[in-house]
Structure formats: structure tokens, C-alpha cells
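Colleague:
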Amino acid sequence: MTSLLVFFIWRLDCLGQLNSMLTIEKYSFGVGDRFAHQAKSQLAGCVQALEKGVEVVPVWNKSHREHTTIGSEPSSVRQAADAAVASLGWTKSHYVDADHINMGNVEGFLAHSDFFTIDVADGIGASPEGSAVSDFLSKHPELVGNIAIPGIAEPFETTEAYVTEVAAKYLQAVKDAGQIYRHILEKKNGTPFVPEVSMDETDLPQTPPELLIILAALADEGIPLQTIAPKFTGRFNKGVDYVGDVAQFEKEFNDDLAVIAFAIGKYGLPANLKLSVHSGSDKFSIYAPIHRALKRTGAGLHLKTAGTTWLEEIIGLAESDGDGLVLAKDIYAEAIGNVEALCAPYAAVIDIDRGRLPSADDVRGWSSAQLVAAIRHVPDCPEFNQHMRQLLHVGYKIAAKMGDRYIGLLEGCEETIAKNVTLNLYDRHIVPLFIGE
Ligand SMILES: [Zn+2]
Numbered sequence: 001m002t003s004l005l006v007f008f009i010w011r012l013d014c015l016g017q018l019n020s021m022l023t024i025e026k027y028s029f030g031v032g033d034r035f036a037h038q039a040k041s042q043l044a045g046c047v048q049a050l051e052k053g054v055e056v057v058p059v060w061n062k063s064h065r066e067h068t069t070i071g072s073e074p075s076s077v078r079q080a081a082d083a084a085v086a087s088l089g090w091t092k093s094h095y096v097d098a099d100h101i102n103m104g105n106v107e108g109f110l111a112h113s114d115f116f117t118i119d120v121a122d123g124i125g126a127s128p129e130g131s132a133v134s135d136f137l138s139k140h141p142e143l144v145g146n147i148a149i150p151g152i153a154e155p156f157e158t159t160e161a162y163v164t165e166v167a168a169k170y171l172q173a174v175k176d177a178g179q180i181y182r183h184i185l186e187k188k189n190g191t192p193f194v195p196e197v198s199m200d201e202t203d204l205p206q207t208p209p210e211l212l213i214i215l216a217a218l219a220d221e222g223i224p225l226q227t228i229a230p231k232f233t234g235r236f237n238k239g240v241d242y243v244g245d246v247a248q249f250e251k252e253f254n255d256d257l258a259v260i261a262f263a264i265g266k267y268g269l270p271a272n273l274k275l276s277v278h279s280g281s282d283k284f285s286i287y288a289p290i291h292r293a294l295k296r297t298g299a300g301l302h303l304k305t306a307g308t309t310w311l312e313e314i315i316g317l318a319e320s321d322g323d324g325l326v327l328a329k330d331i332y333a334e335a336i337g338n339v340e341a342l343c344a345p346y347a348a349v350i351d352i353d354r355g356r357l358p359s360a361d362d363v364r365g366w367s368s369a370q371l372v373a374a375i376r377h378v379p380d381c382p383e384f385n386q387h388m389r390q391l392l393h394v395g396y397k398i399a400a401k402m403g404d405r406y407i408g409l410l411e412g413c414e415e416t417i418a419k420n421v422t423l424n425l426y427d428r429h430i431v432p433l434f435i436g437e
């Protein structure tokens, strides 16, 4: 029996099927490390979780936009991640995510990433070619009518017109995802990777019935999807808490989990397919509902943060006092002098009230404790200023331009920064999401 199984696995392997699959664990946590200096202190958060008996594997994510802004190469993310893993003796998996890639920029990531976030938001709303929509409808009569899904109280009621409309809106994006996926598959030439499809960077959220239709289409496209990042209801502003109806979010999140479990069985998608929440960092008020849903259903989760670590670098610099504090104030002064330019690319995901931004001169006079309290994300702290925090979140270009001065102080203040990075990821993110305390 055993030898038969071994033979079967060997045959599959020969066919290249095992090689192209890499199965991501149930809980994974995306971390951004813009200046490639915090991988070790980020990983320390996962080490602490493991000590509590909860395995949360790290995924280092960095987008083409971040690389372009900073002037870094995808290889640097892989190097920093592997070095951190070796240094802390981490024996669980770790991944490097080519975040929000498309056909135009995936090339530089191929050699270094084993997780690809295929961003097809641009294809949403584009007209699919030829008879794609009617072909999809003929193939999926089950999507029209009364769809009862275990875990969802009220069955979805859909009409042919509705499914046609949704298919017309998303099919081109799905076809794009297939094209990019097959391109990566070919270029990776047997080296395994995790495919994610993201649709979060668009105007309107995808509802649970839309998600079901999208998953059916992605399955038709032959993508062995392991994580899917829809756009959720509410605002996901950069670096600050969720803005929206938390109860509505919780309902949709639970319905999404039920839709995914249903689609896995119905359309043969990978059994470990899970939601990926592109958080824009720090969506604390939805963490408890997410945790409850994961506990109740046993579902997995991938949650991405990116800029939260860069903000901890500023907090750590400010907390170090001396040259670190001066540098943090210089970064703020530059940021407030360039609000328009810094905010323009992020207009859809920030809400900054200019009137609530203190002047550079005011901030010059602040103590280390004052600046730290204004930026550190403790929403009920009276000194916390979400406007300053959002502005600094999008201001990492300033630090990139400072070059050696910034990197030198990152290294000089390493101990204080590392402490903040680990505490932030573990206490404010990993614990409420995956451990639940
Ligand atoms: Zn995203």
C-alpha cells in the first residue's frame, strides 16, 4: 500500500504537478519592509505566535510601485527575508510576494518571488471579447436562480440579467488573471509558487454573490487560486483604522467565507483557498469580527500590511531621541511641505484633514514622547493624530531620498526600532487576528 502511494506521488511529481504547487499554510501574514531593515524584527512577531502554539507564516510583500519609489530591486526582499529566517532559525515556511503585479512589471519578480499577487483591477469593467459572457452563462446555469449556500441564512436570488451584468463586469479581469498566471507558470518552469488574485484596488466592493460568480470564472480559467483579495465594504485608509459599518463588514466577511467554502467544492478550486485582506495596515476594529469568523468556521486567512512597519521606523527614530528625533521631525517637515504630491497617488485611500496637521515649526518644538504619541497607532490616546499618521504613511519617498542619512540612523537606532516593529505586529495585529486575546 505504502509503495503504491510512493509510486503514485512519484508519478505525479514526474508529471510536474507537484512541482508547480506550493500550498500556503492556513494563517499567513503579509509584512512590508520598505527599506529592507526590519525582516528580523517582523519575523520575531511570528516566532512569538509560534511560542503561543499558533503558526502564522510570514509573507514579505513589496509592490512594483514601492520598489520604484524607493529605488530597490525585488532581489533585496528575498535576501532580507532569507537572512532573517536564517538568523532566527525559523523552520516554518516563509514567502516573498510579488505584490500587485501585472504583465507589464512581473518580469523583475520572477526569480525572487514564490507568491504572486495578480492584480487585475484594471480589467474590471472592460468588455470581454466575443461570446465570453454568453458562453459563461451557458456553462453556469447553476448561478441563476435560488442559490442556497451552507452558512448563509438567506439563499442568494439571482436573475439571468444579474449574472450577465456581473460576468460582463469581471470576465475580462478573470481572463487577464489567467494570462498572467500562465505566463508566471511558464517562466517559473516547474518552481512552485502561490497564486493570489487581487481586485481590491477598484471603486466598488464586490458583494458575496459577485464573489461566487468571480470564483466560478477563475476556476474555469484554470487558476489554482490559493488566496483571493476582494474589495470589502467600507474605507481602508492607509495606516489608520477601518471606517465603515463594522456589522455590515462582519456579515459580508462571513458570507464571503461561506461562498469560498462552497466554491471549493462546486468548482474544484484548491481546498486551502482563503481570503486575503489587503488591509492598508491597522484595521483594528475589524480584527475581532475576523477572528470570530475564523474560529467559528475554521477558515484560513492571509492578511497584508505594508506601511505599518515604516511608521514604526519613524516612531523608533523619534523614541530614540537625539539625531533620530531630529530626523523624524525633518521627515515630517518635508512631508507637510509636499502634501499635494505625496497624497495624489493615494487619494482614494487616505482622508487627511489639512487643518489637523500641525506645522513643521510646532513639531520642531515637540519632545520625543509627544511625537511618538501623535504617530503611534493607539486610537484612543488623546494625543494620537490620524492625519499626521496618514501623511507620514504615504511619505516614505522622503526617507528614500535621504539615502544614507536615513539608513544610517535606522542602523544606529536599531534596538529601539526593532522593539517597536515586533510589538506592533505581534500585539496589535497577530494577537487580535490569529490568537484572540
Ligand atoms: Zn491591495
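In this note's numbering, the protein residues as written are 1 to 437. Glycine included, every Cβ here is placed at the ideal spot set by N, Cα and C. These numbers were taken from a predicted model, which means no experiment stands behind them.
From the DSSP output, in three-state form, read off Ser28 for me.
Modeller: strand
Colleague: Given that a residue counts as buried once 16 or more other Cβ atoms are within 10 Å of its Cβ, and exposed if not, what is Leu204?
Modeller: exposed
Colleague: Buried or exposed for Gly123, please, with buried defined as at least 16 other CB atoms from any protein chain shown within 10 angstroms of its CB.
Modeller: buried
Colleague: Using a threshold of 6 Å, is the CB atom of Asp200 nearer than that to any non-hydrogen atom of ligand 1?
Modeller: Yes, since a heavy atom of ligand 1 falls inside the 6 Å radius drawn around the Cβ of Asp200.
Colleague: In this structure, how does DSSP classify Leu22 when only helix, strand and coil are distinguished?
Modeller: Look at Leu22 here: in three-state DSSP terms it is coil, with no helix or strand label.
Colleague: Starting from Trp60, trace the beta strand (DSSP E) in both directions and tell me its first and last residue.
Modeller: Val57 to Ser63
Colleague: I'd like the span of the alpha helix (DSSP H) that includes Ser138, first residue to last.
Modeller: Ala132 to Lys139
Colleague: Could you compute how far the alpha carbon of Lys397 sits from the alpha carbon of Cys381?
Modeller: 28 Å
Colleague: Under 8 Å by Cβ, that's how I've got Pro432 and Ala288 pegged, so tell me the actual separation to the nearest angstrom.
Modeller: 6 Å
Colleague: Which same chain residues end up closer than 7 Å to Phe434 when comparing Cβ atoms and leaving out the 5 residues on each side of it in sequence?
Modeller: Tyr27, Ala49, Val54 and Val56
Colleague: Excluding the five sequence neighbours on either side, which residues of its own chain have a C-beta within less than 6 Å of the C-beta of Leu110, listed in chain order?
Modeller: Lys187
Colleague: Take every Cβ of the segment 353–360, pair it with every Cβ of the segment 205–224, and state whether three or more of those distances are shorter than 8 Å.
Modeller: no
Colleague: How should Val378 be labelled, buried or exposed, when 16 other C-beta atoms within 10 angstroms of its C-beta is the threshold for buried?
Modeller: exposed
Colleague: For Ala39, which of helix, strand or coil comes out of DSSP?
Modeller: helix
Colleague: Rounded to a whole number of angstroms, what is the C-alpha to C-alpha distance between Asn105 and Phe232?
Modeller: 26 Å
Colleague: Per DSSP, what kind of secondary structure is Pro195 in: helix, strand or coil?
Modeller: For Pro195, the secondary structure class from DSSP, reduced to helix, strand or coil, is strand.
Colleague: If Asp176 and Val120 are in contact, beta carbons under 8 Å, what's the gap, nearest whole angstrom?
Modeller: About 5 Å; that satisfies the 8 Å criterion.
Colleague: Short check: CB of Val96 to CB of Ala86, under 7 Å?
Modeller: No.
Colleague: Kindly indicate the opening and closing residues of the beta strand (DSSP E) around Leu425.
Modeller: Leu425 -> no beta strand (DSSP E), and no H or E assigned at all.
Colleague: So, is Ser138 buried or exposed, given that buried needs 16 or more other C-beta atoms within 10 angstroms?
Modeller: exposed
Colleague: Note down, in chain order, each residue of its chain lying with its Cβ closer than 7 Å to the Cβ of Ser281, except the 5 sequence neighbours on either side.
Modeller: Lys238, Gly239, Thr305, Ala306, Gly307 and Thr308
Colleague: Helix, strand or coil: which one does DSSP assign to Tyr95?
Modeller: Assignment of Tyr95 by DSSP, reduced to helix, strand and coil, places it in the strand class.
Colleague: Measure the alpha-carbon distance for Gly222 versus Glu201 and round it to whole angstroms.
Modeller: 23 Å
Colleague: Report, in whole angstroms, the separation of the C-beta atoms of Gln179 and Ala126, which I expect to be a contact under 8 Å.
Modeller: Wrong, their Cβ atoms sit about 13 Å apart, outside the cutoff.
Colleague: Tell me where the alpha helix (DSSP H) around Asn146 begins and ends.
Modeller: Counting along the chain, Asn146 falls outside any alpha helix (DSSP H), though it belongs to the beta strand (DSSP E) covering Gly145 to Ile147.
Colleague: Using the three-state DSSP reduction, which class does Leu342 fall into: helix, strand or coil?
Modeller: Judged by DSSP in its simplified three-state form, Leu342 adopts helix.
Colleague: Does any heavy atom of ligand 1 sit closer than 6 Å to the C-beta of His278?
Modeller: In terms of side-chain proximity, the C-beta atom of His278 is found nearer than 6 Å to a non-hydrogen atom of ligand 1.
Colleague: Please report the distance separating the alpha-carbon of Phe7 from that of Thr191.
Modeller: Note that Phe7 scores 48 on pLDDT, short of 50, meaning its location in the model is unreliable; the coordinates nonetheless yield the value given after this. Cα-Cα distance, rounded: 21 Å.
Colleague: My output table needs one value for Leu273: the three-state DSSP class, helix, strand or coil.
Modeller: Secondary structure at Leu273: coil, using DSSP grouped into helix, strand and coil.
Colleague: Report the residue ranges of all alpha helix (DSSP H) runs contained in full by the segment 188–240; include only those spanning at least 4 residues, in chain order.
Modeller: 208–220
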